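A.B. asks: With the numbering used here applied, the sequence shown covers 18 to 163. For each residue, glycine too, the CB sits at the ideal point set by N, CA and C. Predicted model only: the values in this text are computed from it and were never measured. Supplied in C-alpha cells, the structure appears directly below.
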Amino acid sequence: MSANYNYNITPSLVKLVVKVVGVIVAFFVVMAFVRPWYNVWSQEMEGKAEFAKAEQNRKIKIEEARANLEAEKLNAQAEIERAKGAAEAIKIENGSITPTYIQYLWVRQQSDLSDKTVIYIPTESNLPLLESTRMNSLGQGNAVGK
C-alpha cells in the first residue's frame, strides 16, 4: 500500500498562495496599528459623551435652583402681602386687636389643622372641657366605689 500522491503545483498556484498569505499578514499588520487607534478614539467618544451628560445634568440642577429661587421669591412676596393685609386690618381697628378678633384668627387657623388634632377649649375655671368631663367621671367613680 503505497500512497502515490500526484500534486500538480503550478507557478500560478504558488503565486496565489503567496498572495493570500501576504493579504493575511498585511491584515494583521494593519490591525496592529488600527486597533489601538480605534480604542483611543472609542474612549475619547465615551469621554465626550460622559462630559455632555454631566454638562446636561449641571444645567438641569441650575434650572431647578433658579426655579426654587423664583418660588421662594414669590412665597416671600406672598408673606409680605399677608403682612400688609394684617397691618391694614390692625389700622382699621384703630391699632388695637380685640379678643374677638384674636378668636376669629384662631378659628381660621384651625382649618389648617388635620382632622386628628385634639383641641382643648378652656372654660371659666381654666380647665379644658374634655379634661373636666373626664375628671368628673373619675370623681364619680371614686364616690361610687366608697
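Helix or strand or just coil, what does DSSP make of I26?
C.D. replies: It is coil, neither helix nor strand.
A.B. asks: Taking the alpha helix (DSSP H) that T140 belongs to, which residues open and close that run?
C.D. replies: Taken as a continuous stretch (DSSP letters only), T140 belongs to no alpha helix (DSSP H), as it is neither H nor E.
A.B. asks: What's the C-alpha gap between L54 and F45?
C.D. replies: Per the sequence shown, residue 54 should be read as Trp rather than Leu. Going by the C-alpha atoms only, they are around 14 Å apart.
A.B. asks: Per DSSP, what kind of secondary structure is A88 in: helix, strand or coil?
C.D. replies: Reduced to three states, the DSSP call for A88 is helix.
A.B. asks: Rounded to the nearest angstrom, what separates P116 and N85 at their Cα positions?
C.D. replies: Cα-Cα distance, rounded: 39 Å.
A.B. asks: Any idea what DSSP makes of S128, helix, strand or coil?
C.D. replies: In this structure, S128 counts as coil in the three-state DSSP scheme.
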